[in-house]
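In this text, residue positions in the sequence shown follow UniProt numbering: the first is 1, and each later residue adds one.
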Amino acid sequence: MDAAIVVEFFSAGPSDFFDMEHNSCRSLVYACPVLATPMRAFIHGVSPGLASLVGASSTSSSSVYACAVLATPMRAFVHDVSSGLANPPRRVVNNIFFPAHHYFDTIASILTRRPLRPRFHDDFHDTGYFDIDHDILRTATSTTAPPPMLSATSANSTKGHRLLEQPRRVSLQPRLRDASTVTTVGGRQVDHAEETLRFSEMVCPNVSWGCLLLLLCFAWTGDAEYMKYKDPKQPVNTRIKDLIGRMTLAEKIGQMTQIERSVASADVMKNYFIGSILSGGGSVPAPQATPAMDPDLVKRIGEATALEVRATGIPYTFAPCIAVCRDPRWGRCYESYSEDHKIVQQMTDIILGLQGEIPVNHTKGVPYVAKNKVAACAKHFVGDGGTHNGINENNTIIDVHGLLGIHMPPYYDSIIKGVATVMVSYSSVNGEKMHANHDLVTGYLKSKLRFRNGDGLQGFVISDWLGIDRITSPAGANYTYSVQAGINAGIDMVMVPFNYTEFIEDATSLVNKRIISMSRIDDAVSRILRVKFTMGLFENPLADLSFADQLGKKEHRELAREAVRKSLVLLKNGNTPNQQFLPLPKKASKILVAGSHASNLGYQCGGWSIQWMGGSGDITAGTTILDAIKSTVGDATPVVYSENPDDSFMKNNEFSFAIVVVGEPPYAETVGDNTDLTILDPGPDTIRTVCSAVKCAVVVVSGRPVVIEPYLPLMEALVAAWLPGTEGQGVADVLFGDYGFTGKLSCTWFKSVDQLPMNFGLSALGWQ
């Protein structure tokens, strides 16, 4: 039985958008920065919103503070992301979302004796009609004529109207006004003969509202064009092929573009079809877990990190860093797991924590991201940890054997474990910039390491922040060439935080001139879509608010505390095996705690935390080492803190023993490059003053080994605490014997920088 379907949409304001491809209306339902899929994905007002919770509210030191946002759904309009839960409730009918305060009604009428008697409203004079058969909206400016409408006049009505004879089309097209039918009511012209849809006067007494809504759902979707890419039951390759075939060049290049959230306005997202949004950058792969030599611990850290990142609505994180740091003078050495590639290979188990355990029947090496997990990013491909003298973004001079034997293995392991993306390094290999290195990016990563397979593409390769700009020296000197070189080298998604218009224009021009082939563009977009389809973003693009309680969760703090205590490395304990100083007694007459790092959460966390370069003081919630010591010994044992006591202070006070906590200041990237590798002043003076007057244990808080040899004879014990983050209690757990020391060095601790580089496996004669 045919049914006439009549639907009214009162204007829902600028925050609503009819999603033609999904046959639904989207509105203020997005509480997070979304992953936008291609084809006119709009994101409006992407202010910090919940994304600001990344790091700021993620209090576990194991959390990853960099992330990106991939955008979806198809033509989904996202308005004022920052408003989040402040948005009003919605009614949901057939996945159509409307703010509850906007009038919305639906009705259908079975063609019985009583014809449908709609009146029409003039809100949609310029709207046209929605062609449900073709799943599109025809407008007044469309070259396609409206569907034929059979006019009919009811004998029982004094007003003219048309019955919709074609049951699956909704007419929103008014006929021309007749001046004789226009009157003025309350200062407003009303055309009594004009035909607009007014549900309040429709007659349909025999059908309940529930049935009407159900009929509407079936009727509205029944004849919609079947689009394979929207069907999760279809193979991923089929969905990709279907969607790629529907996309324009502008939409494809938009998918390849990642911009910074601060510039992701509604117009930018709408006009450029942006596929990904960046929030910050970089990562800290819980370096304190590496000395624990415990892949299972690292995997659990990844699981906790995924939950906390997901809680913000963000499904993609720039971790892990799998660089093999061969020189501690490098400012990013603390982002590396080890100087030994075998240890780094083991630590790639964090990918399984971030993305989920790979199912038994899953194809080996194909990206896999489980529900409620996040896409990982192995970085920075390749050789970034081997630059000359540890200079950041510099040149790695190495033969093929060294490159493939030292720096490449962690990438092989990452791909086998299903990593979704790989980030390219700023650095060069033997003088050739990695962002332009086709032989290594396409020839080796994508082909030899099989970051693809025979029946379909794999994950995508992403550039670093402004990475293609730095192909030339100075950066951006020949931007068009950089775009050409980067994309042709094999980079699929390009991180252009602010100069996205120039990138898009140049990329479009290069494709039109056939300097960049369309097949290369399709290859890149297919890889990006594969990751998005694999993650289920087309089916579940919204933030899951049930994860909000994962942020700063007690269990995650306990996990971080476990990582801290398992990673502490005991470098010295007494002068002989029979005269050990640690563990310390909890009962003592008085304990002195000294040093710049004893009561400073910012120093404990290091760089890449809340801020890029880190900070000092109480940058977030957490436990300082000083507070942890006080909590461990209890009120019965007095604890005195003096950051840098002088000789007079030491002479006028008696202490059972002292704990001196010193180390490096926070830093990130090039700022951290250091040829001296000494501890922060006045750390050396604090050690000399305190340890010369009382027996002491020195705790070093740093992202790498530092020069400590001159002060070693003064101290009874030396402990490497690395960067313990927010959980200083893990340090006290081991100092006072609640747990034993189990950590081992993952990098060589040198006496002098003159010995560098000095790595595990090299003979004394081989040290340079």
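Glycine included, each C-beta is placed from N, C-alpha and C at the ideal position. The model shown is predicted, which means the values in this text are computed figures rather than measured ones.
| field | Complete runs of the beta strand (DSSP E) confined to the region 382-461 [at least 3 residues] | value | 421-424
| query | For residue 689 versus residue 645, is the C-beta distance shorter than 9 Å? | reply | yes
| field | Reduced DSSP category for residue 657 - H, G, I as helix; E, B as strand; rest coil | value | Residue state, collapsed to three classes: strand.
| message | Strictly by DSSP, which residues pair up with residue 720? | response | 569 and 700
| task | Report back the beta-carbon spacing between residue 352 and residue 417 to the nearest angstrom; my notes put them in contact at under 8 Å. | result | 6 Å
| said: If you measure between the beta carbons of residue 376 and residue 323, is that distance less than 9 Å? | reply: no
| said: If I follow the unbroken beta strand (DSSP E) through residue 579, where does it start and stop? | reply: DSSP places residue 579 outside any beta strand (DSSP E), giving it a letter other than H or E.
| query | Of all the options 698, 407, 565 and 299, which has the alpha carbon lying nearest to the alpha carbon of residue 660? | reply | 698
| query | Excluding the five sequence neighbours on either side, which residues of its own chain have a C-beta within less than 7 Å of the C-beta of residue 759, listed in chain order? | reply | 326, 339 and 748
| task | Please confirm whether residue 291 and residue 341 have their CB atoms less than 9 Å apart. | result | no
| Does the separation of the CB atoms of residue 684 and residue 700 fall below 9 Å? | no
| query | Which whole-angstrom value is the C-beta distance of residue 258 and residue 495, which I expect to be below 8 Å? | reply | 5 Å
| Going by other Cβ atoms of all chains shown within 10 Å of its Cβ, with 16 needed for buried, is residue 585 buried or exposed? | exposed
| When you compare only the Cα positions, how much space is there between residue 489 and residue 441? | 6 Å
| field | Nearest-angstrom Cβ-Cβ length linking residue 669 and residue 695, presumed shorter than 8 Å | value | Rounded, the Cβ-Cβ distance is 39 Å, inconsistent with contact.
| request: Would you mind reading off the limits of the alpha helix (DSSP H) that contains residue 297? | output: 295-311
| By DSSP, does residue 324 sit in helix, in strand, or in coil? | Reduced to three states, the DSSP call for residue 324 is strand.
| Pairing CB atoms from the region 556-567 with CB atoms from the region 520-533, are three or more of them under 8 Å? | no
| query | Any idea which residues DSSP pairs residue 379 with across the strands? | reply | 321
| Once you ignore the five residues that flank residue 628 on each side, which residues in its own chain have a CB closer than 7 Å to its CB? | Taking C-beta separations shorter than 7 Å and ignoring five residues to either side along the sequence, the partners of residue 628 in its chain run 728, 729, 731 and 732, following chain order.
| message | Output needed for residue 619: all residues of its chain with C-beta closer than 7 Å, excluding positions within five of it in sequence on either side, in chain order. | response | 601, 602, 605, 609 and 610
| query | Which residues share a DSSP beta bridge with residue 258? | reply | 276 and 495
| query | To the nearest angstrom, how far is it from the Cα of residue 575 to the Cα of residue 398? | reply | Distance between the alpha carbons of residue 575 and residue 398: 42 Å.
| said: For the structure I just gave you, are there three or more beta carbon pairs, one from the region 374-392 and one from the region 545-554, closer than 8 Å? | reply: These segments do not touch.
| request: To the nearest angstrom, report how far apart residue 69 and residue 751 are at their CA atoms. | output: Note that residue 69 scores 47 on pLDDT, short of 50, meaning its location in the model is unreliable; the coordinates nonetheless yield the value given after this. Going by the C-alpha atoms only, they are around 44 Å apart.
| query | Are the CB atoms of residue 427 and residue 384 nearer to each other than 9 Å? | reply | yes
| Cutoff 7 Å; reference residue 630; Cβ partners in own chain excluding five residues on either side | 639
| field | Cβ neighbours of residue 395 in the same chain (closer than 8 Å, five flanking residues each side left out) | value | 387, 388, 427, 428, 429, 430 and 431
| task | Report the three-state DSSP secondary structure of residue 727 (helix, strand or coil). | result | strand
| Nearest-angstrom Cβ-Cβ length linking residue 781 and residue 547, presumed shorter than 8 Å | Nothing can be reported for residue 781: it is not among the residues displayed for the chain, which extend from 1 to 768.
| Over what stretch of residues does the alpha helix (DSSP H) that includes residue 648 continue unbroken? | 647-651
| request: With DSSP collapsed to three states, give me the class of residue 670. | output: helix
| message | Going by the DSSP bridge assignment, what does residue 592 pair with across the sheet? | response | 640 and 658
| said: Tell me which residue opens and which closes the alpha helix (DSSP H) that residue 611 is part of. | reply: Premise fails: residue 611 is in no alpha helix (DSSP H) and is neither H nor E.
| query | Hey, quick one: how far does the alpha helix (DSSP H) through residue 348 stretch, first residue to last? | reply | Here residue 348 belongs to no alpha helix (DSSP H), and DSSP marks it neither H nor E.
| task | Grab me the residues of residue 735's own chain with a C-beta within less than 6 Å of its C-beta, minus the 5 sequence neighbours each way, in chain order. | result | 584
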